[in-house]
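Residue numbers (our numbering): 39 to 330. Using N, Cα and C, we set each Cβ at its ideal position, and we do this for glycine too. Here's the structure, in structure tokens; my notes come after.
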């Protein structure tokens, strides 16, 4: 005899007032479908089967994350892309900067004459050294572009891109040098600005490489633009040694170099080692910026 669920549903249940029988009546029978209501019985069994038990529409209010639902893959991809862009060098740069801040603000002592203002030394001096190095890299890359652009199948475009990236980093750190120098001058000289030889030549360096970056933005053929900017980079580099030796060639308010090759350092102890480490940390940051 075949099993007929309709016949089972139609069979009357024994009436009982006991709680057990009431609980059994509330439990649905496995395999039984939903009992059609009177309204569904009027429209026919086919329509009733489609109406009763249908899932909620897609535009219902419950459109958030449901329990045990896996998170969006797009969010995971964004985090992975961020970590990929930041990279190992970026993580090392971040840790190096945090340690530099700790050494510069906590470990290193205050100066006898300048007091707490000397702590700007750990950003001011490394910034100009990074600017020098970035402009040296710009000049070398520009010279290689002019020499090898006709010999390589790609026209030496990677030299041009490296020169532009290094110039941007050098420009930024020159601006940091000027800003920290003005704040330091306000404390030691009593004014933010003096037309001192070091300050004036540094401003000229800043403006010159600003013009270099503006020239790179002009619409032109890539090879033509690369040759023009390469020539300007070589001409602009002439000002770099002038800035560095300005305190030796002219009488200026600016002090002598704190660190110089072939000369005894002007600072010692924790200040000396903190300055060396700060230069290393800023170098790592600049390297990450050039790569990206």
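What is the residue span of the alpha helix (DSSP H) that residue i lies within?
| i | result |
| --- | --- |
| residue 230 | Note, residue 230: premise wrong, no alpha helix (DSSP H); not H, not E. |
| residue 155 | Taken as a continuous stretch (DSSP letters only), residue 155 belongs to no alpha helix (DSSP H), as it is neither H nor E. |
| residue 279 | 277-287 |
| residue 144 | Note, residue 144: premise wrong, no alpha helix (DSSP H); not H, not E. |
| residue 262 | 260-274 |
| residue 307 | 307-329 |
| residue 203 | 195-226 |
Given a cut-off of 8 Å, decide if residue j and residue i are closer than it, judged by their beta-carbon atoms.
| i | j | result |
| --- | --- | --- |
| residue 169 | residue 215 | yes |
| residue 324 | residue 134 | no |
| residue 237 | residue 209 | no |
| residue 243 | residue 281 | yes |
| residue 322 | residue 130 | yes |
| residue 212 | residue 240 | yes |
| residue 254 | residue 265 | no |
| residue 277 | residue 246 | yes |
Give me the residue from the options with the minimum Cα distance to residue i.
| i | options | result |
| --- | --- | --- |
| residue 326 | 242, 260, 203 and 250 | 203 |
| residue 150 | 329, 316 and 305 | 305 |
| residue 261 | 221, 236 and 187 | 187 |
| residue 140 | 263, 205, 308 and 268 | 308 |
| residue 177 | 161, 322, 206 and 153 | 206 |
| residue 153 | 279, 222, 245 and 265 | 222 |
| residue 161 | 175, 259 and 138 | 138 |
| residue 171 | 279, 284 and 288 | 279 |
Kindly list the residues whose CB is nearer than 7 Å to the CB of residue i, restricted to its own chain and excluding five residues on each side of it in sequence; keep chain order.
| i | result |
| --- | --- |
| residue 234 | 290, 291 and 292 |
| residue 272 | 177, 180 and 181 |
| residue 275 | 173 and 177 |
| residue 167 | 317 |
| residue 288 | 235 |
| residue 328 | 203, 204 and 207 |
| residue 148 | 154 and 156 |
Given residue i, which residues of its chain have a CB within under 8 Å of its CB, disregarding the five upstream and five downstream residues?
| i | result |
| --- | --- |
| residue 231 | 220, 223 and 237 |
| residue 256 | 263 |
| residue 251 | 202, 205, 206 and 209 |
| residue 105 | With a pLDDT of 47 at residue 105, under the threshold of 50, the modelled position of that residue is not reliable, and the figure given next carries that caveat. If we look at residue 105 and ignore the five residues flanking it on each side, it has no Cβ neighbours. |
| residue 267 | 180, 198, 201, 202, 250, 253 and 254 |
| residue 23 | Because the chain is modelled from 39 through 330, residue 23 falls outside the range shown and cannot be assessed. |
Tell me which same chain residues have a C-beta within less than 6 Å of the C-beta of residue i, skipping the five on either side of it?
| i | result |
| --- | --- |
| residue 165 | 211, 214 and 215 |
| residue 159 | none |
| residue 330 | none |
| residue 175 | 204 |
| residue 284 | 235, 236 and 239 |
Taking three-plus beta-carbon pairs below 8 Å as touching, is the segment 140-149 in contact with the segment 195-214?
no
Quick test of the definition: if touching needs 3 or more C-beta pairs under 8 Å, does the segment 177-188 touch the segment 217-236?
no
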